[in-house]
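Only one structure is covered here, and it is reproduced in the block below.
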Amino acid sequence: MVGAGKIAASAHLPAALALPNVELVAIVDPVVTRGQALAREFGTSARAVTKLDDVLGELDGAIIATPNFTHCEVALRCIEAGVATLIEKPLATTVEEGETIARAARERGVTVAVGYTTRFDESVRVMARLLKAGDFGEIRRFAYQSGSKGRWAPLTGYTLDRRATGGGVVMVTGTHFLDRMLSWFGYPDEIAYEDDADGGPEANALARFGYTSRGRFKGRVRFSKTVSLKGGFVMETDEGTVVLLDDLKQIVFRPRSQPSVETIVRERHGFGHRKRGHFQLQLEDFVEATQTRRPAMVSAEQGVESLRLIEALYSCRQPMRTDWYACPPRERQTA
Amino acid sequence: MPTTRTADGLTRIAVVGASGFVGATLVERLLARGRYTVVPLIHSTGSAWRLSRHALDLRTVELLSPEALRTALRGCTHVVNCSSGPREVMLRGLENLLGASLAEGVQRFVHLSSVAVYGDPPPPEAVHEDAPTRPVRDTYGANKLRQDQLVQAACRRGLPSVILCPPYISGAYSMFVLRVLQAIQEERLALVDGGDTVVNLVDVQNLAQAIELALFCATADAQRVFVNDDAGTTWRQFASPLADLAGRPKPPSISRDEASHWLGAAKTAPSTLRRRMKRLVASNQVRTILQEDPLITKLFQLTKSGMGFLPPSARERLDGILRPPKRRRPHAAAHPPYDERLCRLQLRGLRHACDRAREVLGYRPEVSFARSMEAFQAWYRATHGWGADYAPLFEELLRTPAAPKSGDAAEM
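Sequences listed follow chains A and B, in order. Note that the first sequence ends on residue 1397 in our numbering; no numbers are left out. Note that the second sequence ends on residue 431 in our numbering; no numbers are left out.
What follows is the structure, given as structure tokens:
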């Protein structure tokens, strides 16, 4: 376990300790007391160490849950040592870094998985299958929003530094939906984007997507770190409306022909998954992919694709309005 | 204009609680001035996104750590306290902050209090600052009053201080206006007497302006100063643009008597000394303290387990002693589906005057009520709205309830 921060404590360590075929060897963190505290808290005999190199030779795999800007360097050291890596999302802070990781993994034949955990959710997988089969009909447009007033605060507070995260709300939070969007619809043909960054990481972002090569539809997506929004995805098709809230519990389909009816869409025999959280399912997939040499559910290449989309958004950035008290044009003239 | 400067020629202002609604607005305002060094101090990085987008040097500080506070305030000439939090942070944290300010030779301390110190509802004399303060014990208002007393004590010890008392704060990012808007959206706002009563508001920009004035005003004797908008805005004027924004009809009107009746304000049974004592003895706080003693815990467990062997009448009697008495809420069943808090606010019928702010601070609100509402609407549309073309999709999302937490749908 590389990184003894909040996500390690709240998600990765419980997942690792719940799997019978995983032995937790070490917790690596530059602040050794953090690793020691976690080992104590979870009652594990894993050693707390400050240097990854001290334990690399003992590992089959590593979970990298460190600040974004360190992912590339840490991952490359693991890959170089032949250690499979599960890297917290995003894969890295830039496409260039991500491609370096993906290339190194290919060359060394090492499994790399990226921590887009929501892809392990049953509803997300069902949605992917039904979309692929065209079971919801022809897509006309979609919208997505998620917003919370902060809440998640990493121990090091690195999310306040754009260089450390590689961006703002899009990179930190929005990347989960963008990954799902890519897995459902593929890479968009048209993009437009605005955010409220003023030198630092953006807190609010609005993206517009257009798909022309795989159907003809548009989408609008909003992410916020300053307002609480009911999070979810909604899609309009010629057959009706599909809703998947951010709790990802169930897909709701409202047929156009029957406005008073709604259908819950779900996997008939998939309830076993609900007993295991996303992080546990993700780790199971990572372990199996490593042992059987199959690609992980979310591969390094897919992680690069997410970074490519985020970079494309940032590169066409337009400033979002933030001066709420500015005079409307008419009043400005008289002022 | 700043009257005090540091060696490097700049007034260095620490804003404590900088990531909050008022704190962030103040930091943005002071930075835009270009003549101050601003030191934004935050409690948690998680809620600092509004400020971090400006690439500021945000410092995390723990108010419960006197040493950390001294380090954070080093070199600061002025301190503004916009922090909030649980009781311990409000009181012990403020004591630490005042201690650090005194130790670091801070020249001006501006504290953000609240009209809540006058109680809920406030007495009719609370038109002016010198009215008696009567908050209910252990409430937010009581904590704010204790804070005022701490600041006044520090002022007597040599820390020039100003205490500002805002009412509800409006403008862009306002959670209060958002609450009223949501009540209108959900048809839970009723206007008492058609909304003719006064709503006490201050736009957040006006409050930030008052704070800036307080940093440099001549009188800093820690007397409370009300900071209001200038207009005597009524609830009808307040709710009307919000109803338009929500695309809902104007809220219904109820009479004052009707509102008082269903709120049960006039008919709450007086609390007897016996009931109070019972509530105290059986309260969670007292239970928690008692349960720290293993002997008492054992006794309590034995009593509870032995209750099963008692006859029903004795069991009922003992149970009545062990359980805290329930607070009765008269007419609860008859409550219309309105937001109680917003209804209570309308029954206050009181407008806090800001003559002292005019006199002491030279305060003249920069933002009119109309501009304040425009700012809120602009912010709301940008952060919550989807535009007319995507509005139907957004409606679909909003009207989808969350799935049940337990008990899978298949088992239903």
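Glycine is no exception: its CB is placed at the ideal position from the N, C-alpha and C atoms.
- Taking the Cα of ASP1308(A) as reference, the smallest distance to any Cα among ILE1163(A), GLY1236(A) and ARG1276(A) is reached at GLY1236(A).
- For LEU1291(A), the enclosing beta strand (DSSP E) starts and ends at 1291–1299.
- Exposure of ASP1116(A) is indicated by the presence of fewer than 16 other C-beta atoms within 10 angstroms of its C-beta.
- Judged by DSSP in its simplified three-state form, TYR137(B) adopts helix.
- From the listed residues GLY1065(A), PRO1076(A) and GLU1158(A), the smallest Cα separation to ARG1370(A) is found for GLU1158(A).
- Contact annotation: in the segment 1233–1257 of chain A, no residue has its CB less than 8 Å from a CB in chain B.
- Around the Cβ of HIS1331(A), a 10 Å sphere holds fewer than 16 other Cβ atoms; the residue is exposed.
- In the three-state reduction of the DSSP assignment, SER66(B) falls in the helix class, which pools H, G and I.
- Contact annotation, ALA1127(A) with GLY1067(A): C-beta distance approximately 6 Å; criterion of less than 8 Å satisfied.
- Interface annotation, TYR1178(A): not in contact with chain B, CB-CB separation never under 7 Å.
- With fewer than three CB-CB distances shorter than 8 Å, the segment 1351–1364 of chain A does not count as touching the segment 372–387 of chain B.
- Chain-ordered, the chain B residues with CB closer than 8 Å to the CB of PRO1263(A) read TRP68, SER71 and ARG72.
- Below the 7 Å Cβ cutoff, chain B contributes SER66 as neighbours of LYS1211(A), in chain order.
- Close to chain B, meaning a Cβ-Cβ distance shorter than 8 Å, are the following residues of the segment 1362–1383 of chain A: MET1382 and ARG1383.
- In this model, CYS174(B) and PHE388(B) are separated by some 34 Å (Cα to Cα).
- Taking 7 Å as the threshold, the shortest C-beta distance from TYR357(B) to chain A does not fall below it.
- GLY1262(A) is not a Cβ neighbour of SER38(B), given a cutoff of 7 Å.
- Take the alpha-carbon of ALA265(B) and the one of THR252(B): they are about 20 Å apart.
- Scanning chain B for C-beta atoms nearer than 7 Å to the C-beta of ASP1309(A) yields ALA421 and ALA422, reported in chain order.
- In its chain, beyond the 5 residues on either side, VAL136, THR152 and PRO154 have a beta carbon closer than 6 Å to the beta carbon of LEU164(B).
- With a beta-carbon spacing of about 27 Å, LEU183(B) and ALA258(B) fall beyond the 8 Å limit used to define contacts.
- Within the same chain, Cβ atoms closer than 8 Å to the Cβ of ILE188(B) are found at PHE40, VAL41, PHE195, LEU220, VAL221, ASP222, VAL223 and LEU226, the five residues on either side in sequence being excluded.
- Against chain A, the beta carbon of PHE413(B) has neighbours under 7 Å at ALA1205, listed in chain order.
- Residue state for GLU1120(A) is assigned as helix, using DSSP reduced to three classes.
- Here the alpha carbon of GLY177(B) sits roughly 11 Å from the alpha carbon of VAL170(B).
- Contact of THR252(B) with chain A is not assigned, every C-beta pair being separated by 7 Å or more.
- When CB distances to chain A are screened at a threshold of 8 Å, the residues of the segment 194–228 of chain B falling below it are GLN224, in chain order.
- Secondary structure within the segment 172–206 of chain B: the beta strand (DSSP E) runs of 3 or more consecutive residues, fully enclosed, are 180–184 and 187–189 (chain order).
- Comparing alpha-carbon positions, the option among LEU121(B), ILE203(B), LEU366(B) and LEU417(B) lying closest to ASP276(B) turns out to be LEU366(B).
- In the three-state scheme derived from DSSP, where H, G and I count as helix and E and B as strand, ARG1139(A) is classed as helix.
- Annotation for LEU1193(A): TRP1246 place their beta carbon closer than 6 Å to its own, counting only its chain and skipping 5 residues before and after.
- Chain A has a Cβ within less than 7 Å of the Cβ of TRP398(B).
- In terms of beta-carbon proximity, TYR1387(A) lines the interface with chain B, with at least one pair separated by less than 7 Å.
- Taking C-beta atoms under 8 Å as the contact rule, VAL1176(A) and ALA1167(A) fail to qualify, at a distance of about 11 Å.
- Neighbours of GLU1298(A) in chain B, taken as residues whose beta carbon is under 9 Å from its own, are PRO411, LEU412 and GLU415 in chain order.
- Excluding residues up to 5 positions away in sequence, THR30, ILE32 and LEU49 lie with their Cβ nearer than 6 Å to the Cβ of TYR55(B) in the same chain.
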